[in-house]
Amino acid sequence: MLTRCFAVLYLAFSILGALPFVYAAADTKVANRTIERTVQLRTHSIHPPYIDEDLQNRWWDFGADAYINTNKHVRLTRSAPSQMGWLWSRLPLTSTNYVIEVEFKISGESTHLYGDGMAIWLTKDRAEPGPVFGSKDKFEGLGIFLDTYANSRHPYGFPRIVAMVGDGQTPYDQDNDGDAHNIGSCSAMFRRTNVITKLKITYVKDTYLDVKIHYRAWDDWSDCFRIDGISLPASPYLGISALTGQVYDAHDVVSVTTHSAVLSSKDAPRDKLSASGGLFGRRPDGARSSWLSFFVKLVFFFGACIGGLYGYKAYTLRRRYGGFMKGGPGTFGGFGDAGYGGYSSRRRF
Numbered sequence: 155m156l157t158r159c160f161a162v163l164y165l166a167f168s169i170l171g172a173l174p175f176v177y178a179a180a181d182t183k184v185a186n187r188t189i190e191r192t193v194q195l196r197t198h199s200i201h202p203p204y205i206d207e208d209l210q211n212r213w214w215d216f217g218a219d220a221y222i223n224t225n226k227h228v229r230l231t232r233s234a235p236s237q238m239g240w241l242w243s244r245l246p247l248t249s250t251n252y253v254i255e256v257e258f259k260i261s262g263e264s265t266h267l268y269g270d271g272m273a274i275w276l277t278k279d280r281a282e283p284g285p286v287f288g289s290k291d292k293f294e295g296l297g298i299f300l301d302t303y304a305n306s307r308h309p310y311g312f313p314r315i316v317a318m319v320g321d322g323q324t325p326y327d328q329d330n331d332g333d334a335h336n337i338g339s340c341s342a343m344f345r346r347t348n349v350i351t352k353l354k355i356t357y358v359k360d361t362y363l364d365v366k367i368h369y370r371a372w373d374d375w376s377d378c379f380r381i382d383g384i385s386l387p388a389s390p391y392l393g394i395s396a397l398t399g400q401v402y403d404a405h406d407v408v409s410v411t412t413h414s415a416v417l418s419s420k421d422a423p424r425d426k427l428s429a430s431g432g433l434f435g436r437r438p439d440g441a442r443s444s445w446l447s448f449f450v451k452l453v454f455f456f457g458a459c460i461g462g463l464y465g466y467k468a469y470t471l472r473r474r475y476g477g478f479m480k481g482g483p484g485t486f487g488g489f490g491d492a493g494y495g496g497y498s499s500r501r502r503f
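Heads up: the sequence shown is residues 155 to 503, going by the working numbering.
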C-alpha cells in the first residue's frame, strides 16, 4: 500500500515538473528560437503608490509639471495649456531583449480640439525637456509618439502612433507629424476610452521591434507595427513625456512593467515540441497558457496531498494492528472471526 502511494506521488510530481517546460514556449519565434520566459525588472517598472515614505522613488525621476496621485497615476500634464511633464528611469536598461508594457490614459473635456500627446523613449540621454512631446529634439535612440493632434492634413486618422529612430542629429518632423522619418505607425482611438489603454513594446536585439496597442476591449491586443532587422542603442534610458500647447489634454501614466526576455537555446528542439503541439496536442497562447499551467499544477498538488494523506492513514493502521493476526477479508486490523473474540467490521477504508 505504501509503495503504491509513493508511486502515485512520484508520478504526480514528475508530471508537475514537466509542465513548465511544455508551457514555457511562447508564440514569438526568433529564427529557430523563441522567447522562453520573461523576468520582471524592478529597476524599470513602476506601479502605485509610485513613491516611498520619503516621497521619492528609488528607480525613477519625474519633473516639470508632472505630479503624483498615489492612488491613481503619475500625471504628466494637467488638462491645461502650455504644460510639460516627464518620467524617466534613473538607470539604463541593460537587458539585450526586453518587453515593456505601459498603461496610460489620455483624457479631456473637448471632443474635437485636443492635444498634443505623449511619447515613450528608449534613448542614450535622459530627462532633458524639449519641444518633442516634452523631451529634447535630435535624440539618439527610439521614440514612440502617441500623437493626438494633427499639424497638417493626412490621408489617415488621428490619434496616431508613430515611431522614429534618432541618430542624435536628425530633428523630428514636427510640421508633418513625424512622416519624414517614420519607421512604423498606426491609427488607434486610444483617447477617452472606456477600456484600459496600454502599449506593449517587444524588442529582440538586431532582430525585430514589435508594438501592440490595447484599447478596444479587455485582453484584446491590436497589432500596430513590426519592424525586422532593427538595432537600437545598447543600454538606453526608459522615459515617458507629454506636452500640451494651445490645445490640451490630461496625460497620465498608470504603470510601467518591464521584463527581460530570455530566448531559448539555439540547440533546444523547440520546433519538434511546437510541431507536435506539446503535451496536450496544441500550444496555448500567452496569458491563457500561464493560467492553465497554474490550474493544472494546483489540481496535481491537491491530488498528491490527498493521496499522500490516504496512504499515510492506511500505513499507520496497518502498522498498529497488522502484527497480531492475519484476518480474513472484511476484518479490521487483522482480527478475524477465527481468533481472540473475533471482532469484525464491515466498514471500508
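Quick reminder that beta carbons are idealized off the backbone N, C-alpha and C, glycines included.
**OP:** Any chance you could list the beta strand (DSSP E) runs of at least 3 consecutive residues sitting entirely within the stretch 316-384, in chain order?
**Re:** Runs of the beta strand (DSSP E) lying entirely within the stretch 316-384 and spanning at least 3 residues, in chain order: 338-341, 351-358, 362-368, 375-382.
Original post:
According to DSSP, what are the bridge partners of GLU255?
Top reply: Residue pairing by DSSP puts GLU255 in a beta bridge opposite LYS354, THR411.
Original post:
beta strand (DSSP E) containing TRP505: first to last residue?
Top reply: In the structure displayed, the chain extends from 155 to 503; residue 505 sits before or after that span and is not available.
Subject >> First and last residue of the uninterrupted beta strand (DSSP E) at LEU300 >> reply: Counting along the chain, the beta strand (DSSP E) containing LEU300 begins and ends at 294-301.
Original post:
Thinking just about the alpha-carbon of each residue, which of ILE315, ASN330, THR411, HIS335 is nearest to the one in THR324?
Top reply: If we check each option's Cα against that of THR324, HIS335 comes out closest.
Subject >> Reduced DSSP category for TYR464 - H, G, I as helix; E, B as strand; rest coil >> reply: TYR464 falls in the helix class under three-state DSSP.
Original post:
Taking all protein chains shown into account, do 16 or more other C-beta atoms lie within 10 angstroms of the C-beta of PRO203, making it buried, or fewer, making it exposed?
Top reply: PRO203 counts as exposed, since fewer than 16 other beta carbons sit within 10 angstroms of its beta carbon.
Subject >> Option nearest SER199 by Cα separation, candidates ARG472, ALA458, VAL408 >> reply: With respect to the C-alpha of SER199, the residue from ARG472, ALA458, VAL408 having the closest C-alpha is VAL408.
Original post:
In the structure shown, what three-state DSSP assignment does GLY496 receive?
Top reply: Legend: pLDDT at GLY496 = 40, less than 50; position of this residue unreliable, no value from coordinates given.
Subject >> Which listed residue (THR356, ALA304, ARG307, PHE293) has its alpha carbon closest to that of LYS321 >> reply: Sequence inspection shows Asp at residue 321; the Lys mentioned does not correspond to that position. If we check each option's Cα against that of ASP321, PHE293 comes out closest.
Subject >> DSSP state of ARG307 mapped onto helix, strand, coil >> reply: DSSP places ARG307 in coil when its eight states are reduced to three.
Original post:
How is HIS198 classed by DSSP in three states: helix, strand or coil?
Top reply: Secondary structure of HIS198 (DSSP, three-state): helix.
Subject >> PHE216, enclosing beta strand (DSSP E) - first and last residue >> reply: Here the beta strand (DSSP E) through PHE216 covers 214-218.
**OP:** Report, in whole angstroms, the separation of the C-beta atoms of ALA273 and GLY239, which I expect to be a contact under 8 Å.
**Re:** Their Cβ separation, rounded to whole angstroms, is 11 Å, which puts ALA273 and GLY239 out of contact at 8 Å.
Subject >> Local conformation of ALA281 per DSSP, three classes >> reply: Correct three-state label for ALA281: coil.
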